[in-house]
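When the letters of the sequence shown are read in order and numbered with UniProt numbering, they come out as residues 1 to 500.
We treat Cβ as the ideally placed atom computed from N, Cα and C, and that holds for glycine.
Fair warning: this is a prediction, and the values are worked out from it, not measured in the lab.
A short write-up of the structure that comes next.
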Amino acid sequence: MPNELSLAIDVGTGSVRAALMDGRGNVVAVAAREHEQIVPQFGWSEQRPADWWQGVAASIRDVLDKVPDARDRIIAVAACGQMHGTVLVGDKGELVRDTAPLWNDKRTVDYVTAFEAKHRPADYLAHSANPAAPSWPGFKLQWLRDHDAQAFARTAAVLMPKDYINLKFTGEIAMDRNDGGASFLMDPRTGDWSQHMVDLLGLERKQLAPLRNPTEILGTITAEAARETGLREGTPVLVGGADYPVALLGSGVCRPGVGSEVMGTSAIITAITEKPLLDPSVCNVGTVEGNWGAFMLLESGGDAMRWARRAFHDKQVSYEEIVAKAAEAPAGSERLFFMPYLAGERLGEHRNARAQYFGIGAAHGIEHLHRSVLEGVAFAVKRHINILDSISGSKLERVIASGGGAKTELWLKIKASVYGIPILVPKEAECGLVGCAIMTAAATGRYSSVEDAADALVQYSTEIKPAPQWSEIYAPMQAFFEKLYMHSQSLYDDLDRLPQ
Numbered sequence: 001m002p003n004e005l006s007l008a009i010d011v012g013t014g015s016v017r018a019a020l021m022d023g024r025g026n027v028v029a030v031a032a033r034e035h036e037q038i039v040p041q042f043g044w045s046e047q048r049p050a051d052w053w054q055g056v057a058a059s060i061r062d063v064l065d066k067v068p069d070a071r072d073r074i075i076a077v078a079a080c081g082q083m084h085g086t087v088l089v090g091d092k093g094e095l096v097r098d099t100a101p102l103w104n105d106k107r108t109v110d111y112v113t114a115f116e117a118k119h120r121p122a123d124y125l126a127h128s129a130n131p132a133a134p135s136w137p138g139f140k141l142q143w144l145r146d147h148d149a150q151a152f153a154r155t156a157a158v159l160m161p162k163d164y165i166n167l168k169f170t171g172e173i174a175m176d177r178n179d180g181g182a183s184f185l186m187d188p189r190t191g192d193w194s195q196h197m198v199d200l201l202g203l204e205r206k207q208l209a210p211l212r213n214p215t216e217i218l219g220t221i222t223a224e225a226a227r228e229t230g231l232r233e234g235t236p237v238l239v240g241g242a243d244y245p246v247a248l249l250g251s252g253v254c255r256p257g258v259g260s261e262v263m264g265t266s267a268i269i270t271a272i273t274e275k276p277l278l279d280p281s282v283c284n285v286g287t288v289e290g291n292w293g294a295f296m297l298l299e300s301g302g303d304a305m306r307w308a309r310r311a312f313h314d315k316q317v318s319y320e321e322i323v324a325k326a327a328e329a330p331a332g333s334e335r336l337f338f339m340p341y342l343a344g345e346r347l348g349e350h351r352n353a354r355a356q357y358f359g360i361g362a363a364h365g366i367e368h369l370h371r372s373v374l375e376g377v378a379f380a381v382k383r384h385i386n387i388l389d390s391i392s393g394s395k396l397e398r399v400i401a402s403g404g405g406a407k408t409e410l411w412l413k414i415k416a417s418v419y420g421i422p423i424l425v426p427k428e429a430e431c432g433l434v435g436c437a438i439m440t441a442a443a444t445g446r447y448s449s450v451e452d453a454a455d456a457l458v459q460y461s462t463e464i465k466p467a468p469q470w471s472e473i474y475a476p477m478q479a480f481f482e483k484l485y486m487h488s489q490s491l492y493d494d495l496d497r498l499p500q
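Here is the structure:
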């Protein structure tokens, strides 16, 4: 129906947002409430789930005020949310711990180190789909078991952030399989909790919430939730999904052969595959349509540009001026290479990698230094694409770009020419909200599948194709970049042993 709306909820790290979406996937109205991260000590990061709920309820009231009759036009509610935030609730759905450790909380590092010392990847990758990492809720639960035993003993269910919001909406307890698959506790072969992983971590399976698919109807808005939010009692609520796979869907990344690049502080490259890619250097997350997103992360993506701005200009010039200067240099920066490993590597063998310029000559100027940063990030991401292609046995056919890096046309052209495939940019930047609208469209029968709904609702504003002349220059440079990367590794170990 033309007047129908859906309500999308996004529980982010910095804020919660509520958006009314029309049947074409457009944002009709949006409202937000910010919330703070709590940092009790260095390396810790928490938030209060009660703050999320207060922000969600207030944001919903705001958007309902903006659109006449919206309350009666909403056909369903779908939420997505930040991943890994570990919420403990009791048997009546009450919080047994008023804060939840977040995805960026590092207090579990010692648990990960101990796990890796005891277990080889072959012991657990097939059962978990992922290498060990501090962000996984499995390790957070170990810490909570050992350091907050009273709350842990009272825990009837472990939820992720959007699951807690759904609990407040419906009174129902569940977790979607996307969040479950990124917990280090779900078996990717069965889509259920892995007793093997539960036993390895010394946890209780009975505390893990039932797993359901994102587009299932979880329940309906209760009378209490209706009073707090202004929504109509009985409005259907979906199970929803983790924010990253929902954003993948909202950008149209939902079929094998299609990849995603999110260029923010870091750069995340994701390939859609039918099964997870089991490799110690690759992470995997389940997708809404039932595939897997195999991804690799470059710690310094957009942050490499930020470093160059600070290092060369003390922040006195804009990013636009830096890009304009970079455009003055020819493709390939006259054989100047930049290795963008300013913060090392997150996974794999070379976590202590460093950044470097290689090949500087007297003829190089600031324009070459800036362009080589853009090209170096592209070479590093292409290296990850090559790894994903090699493990999966297939090749990416196109990449959908989002994040701040997707706003720079020169960088997009460089990347398309390095990757050798087209790059598309979604028309609507709020991919998570669009993903929620797609889930609702599929769940309510407007489309026969999630993929069909995505085809209809996702539009693209830009398509950048490889420049043949640039690709001809970049292909041998990519091979040299890979060689330089490998030959530098032993030097990084030697560098670590030097006195500071």
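DSSP beta-bridge partners for residue i?
i, result
"residue 356", "339"
"residue 295", "270, 283"
"residue 408", "Paired residue(s): none; residue 408 is not in a bridge."
"residue 80", "10, 241"
"residue 18", "9, 31"
"residue 205", "Answer is none; residue 205 lacks a bridge partner."
"residue 71", "DSSP lists no partner for residue 71."
"residue 236", "220"
"residue 323", "According to DSSP, which records beta bridges pairwise, residue 323 is partnered with nothing at all."
"residue 211", "175"
Thinking C-beta only, is residue j closer than 8 Å to residue i?
i, j, result
"residue 217", "residue 245", "no"
"residue 193", "residue 200", "no"
"residue 251", "residue 431", "yes"
"residue 301", "residue 336", "no"
"residue 478", "residue 338", "no"
"residue 232", "residue 72", "yes"
"residue 491", "residue 381", "no"
"residue 100", "residue 112", "no"
Identify whether residue i lies in helix, strand or coil by the three-state DSSP scheme.
i, result
"residue 98", "coil"
"residue 220", "strand"
"residue 28", "strand"
"residue 138", "helix"
"residue 37", "coil"
"residue 426", "strand"
"residue 464", "strand"
"residue 418", "helix"
"residue 44", "coil"
"residue 193", "strand"
"residue 167", "helix"
"residue 187", "strand"
"residue 344", "coil"
"residue 226", "helix"
"residue 246", "helix"
"residue 490", "helix"
"residue 146", "helix"
"residue 103", "coil"
"residue 317", "coil"
"residue 475", "helix"
"residue 198", "helix"
Please list the terminal residues of the continuous alpha helix (DSSP H) segment that includes residue i.
i, result
"residue 306", "302–313"
"residue 375", "366–392"
"residue 263", "It is not in any alpha helix (DSSP H) - residue 263 instead sits in the beta strand (DSSP E) that spans 258–263."
"residue 64", "49–66"
"residue 109", "109–118"
"residue 124", "121–128"
"residue 451", "450–457"
"residue 431", "431–443"
Any beta carbon of chain D sitting closer than 8 Å to that of residue i?
i, result
"residue 136", "In summary, chain D is missing from the structure at hand, where a single protein chain is found."
Taking the beta strand (DSSP E) that residue i falls in, what are its first and last residues?
i, result
"residue 402", "398–402"
"residue 498", "Looking at the DSSP string, residue 498 is not in any beta strand (DSSP E), and its letter there is neither H nor E."
"residue 157", "157–159"
"residue 87", "87–89"
Any contact between the segment 170–177 and the segment 101–116? By contact I mean 3 or more CB pairs, one from each, below 8 Å. Using a Cβ-Cβ distance cut-off of 8 Å, the segment 170–177 and the segment 101–116 are not in contact, since fewer than three pairs of beta carbons, one from each stretch, lie closer than that value.
Is it a yes or a no for the segment 145–159 touching the segment 14–30, going by three-plus beta-carbon pairs under 8 Å? The answer is no - the segment 14–30 does not touch the segment 145–159, with fewer than three Cβ pairs under 8 Å.
Closer than 8 Å is the cut-off here; do at least three beta carbon pairs connect the segment 70–78 with the segment 224–242? Three or more Cβ pairs closer than 8 Å define a contact, and the segment 70–78 meets that threshold against the segment 224–242.
Using 8 Å as the cut-off, can you tell me whether the segment 445–453 makes contact with the segment 257–264, which would need three or more C-beta pairs spanning the two stretches below that distance? No: fewer than three Cβ pairs fall under 8 Å.
Does the pairing of the segment 273–282 with the segment 470–478 give three or more beta-carbon distances under 8 Å? Contact between the segment 273–282 and the segment 470–478 is absent, because fewer than three Cβ pairs lie under 8 Å.
Can you find at least 3 beta carbon pairs, one from the segment 308–315 and one from the segment 203–220, that sit closer than 8 Å? The segment 308–315, when compared against the segment 203–220, does not touch it at the 8 Å Cβ threshold.
Could you tell me whether the segment 415–434 touches the segment 221–236, using the rule of 3 or more Cβ pairs below 8 Å? No, because fewer than three Cβ pairs between the segment 415–434 and the segment 221–236 fall closer than 8 Å, the two stretches do not touch.
Quick test of the definition: if touching needs 3 or more C-beta pairs under 8 Å, does the segment 321–334 touch the segment 361–380? At 8 Å Cβ cutoff, the stretches touch.
Can you find at least 3 beta carbon pairs, one from the segment 103–110 and one from the segment 121–140, that sit closer than 8 Å? Enough Cβ pairs lie closer than 8 Å, so yes.
Contact between the segment 451–465 and the segment 410–417 (3+ Cβ pairs under 8 Å): Output reads yes: the segment 410–417 touches the segment 451–465.
Should the segment 12–28 be called in touch with the segment 53–60, which here means at least 3 C-beta pairs below 8 Å? Yes, the segment 12–28 is in contact with the segment 53–60.
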